[in-house]
Ligand SMILES: [Zn+2]
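Residue numbers (this note's numbering): 5 to 272.
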C-alpha cells in the first residue's frame, strides 16, 4: 500500500516535470533563447530585427507607441554601442514609458552591443570596438588596443546591424549615447546646431570632443557610427551624447524629455 502510494507520487511528479518542460520548450520555440529585450518591447508599436550579435543575441529597433510616420522628423536613439557604457539604456527605458509626442516619430535601439554589455567590456565578443569598425574613414589598428577597429571595415555583425537599422528606418536625426565625458559632441561634417539645441534642452555642454581622448594618434576619430551616418546620408545628422560617469534619474528624465522635443522640431 505504502509503496503504491509513493509510486503514484513519483509518477505525478514526473508528469508535472514533463508538462513544465513541454511549456518551456514551446516558449523557447516561439521566442528563441536569445530573445528580444523585454524592456524594449513593451513600449513599441513596431519592432524590427536588424541583426544579431556575435553570440547570437537579437539586435532590434523599436518604433515608439504613438509614432507618426508622417512626421517631418524621424529620430533614432541608440542607447549604447560600448558594453561598459550602460547609462544610455536608462534614457531609452525612460523614453519607452510614454508614447512618442504628437507629430513625432521616435525609434530606439536599446543596446547595439549586447555581448559587450554581458561581458561588461567596451568591445564586442570578437574584441572589436564597434564604434571604430564602420566603413567610412576606417583605419587598421592594433588588436590589443581598446579601440581595435577589427580585421576589416564593417567586419562585425553589430556594425552591420546598426547600418541596417539606419538604412531601413531612414532617420533624419540620430542620437547615440556614450560615457563618461558629460558633454554633447559636434556631429561630424555637420553644423553643431543639433548639439547646441540639445545642450539648451538638457544643460549638458555642447563641445567638440578631440579624437585624442580615445587615444587616437592622429587626434581624429575613425570609423565611428556618426562619421558613417553623416558621410552616407545627406538628410541625416548623427550626434554623440556623452553622459557622465553616473547619471541621476533627474538627468535621465530631462534628457528623455529633450529628445521628445527634438523629435517634433524641424530637422537640424
Ligand atoms: Zn563610448
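Glycine residues also receive a C-beta, built at the ideal position from the N, C-alpha and C atoms.
Distance from the Cα of residue 157 is smallest, within the candidate group 238, 133, 171, 111, for 133.
Taken from the Cβ of residue 188, every heavy atom of ligand 1 lies 7 Å or farther away.
When secondary structure is reduced to three states using DSSP, residue 173 falls in the helix class.
For the options 229, 76, 131, the alpha carbon positioned closest to that of residue 267 is the one of 76.
Pairing residue 138 with residue 180 gives a Cβ-Cβ distance that is not under 8 Å. Secondary structure of residue 74 (DSSP, three-state): coil.
With a beta-carbon spacing of about 6 Å, residue 92 and residue 247 fall inside the 8 Å limit used to define contacts. Across the structure, residue 229 and residue 58 are spaced so that their CA atoms are roughly 18 Å apart.
For the pair of segments examined, the stretch 246 to 260 was found not to touch the stretch 193 to 200: the number of CB pairs separated by less than 8 Å stays below three. Of all C-beta pairs linking the stretch 93 to 100 to the stretch 110 to 124, three or more are shorter than 8 Å, placing the two stretches in contact.
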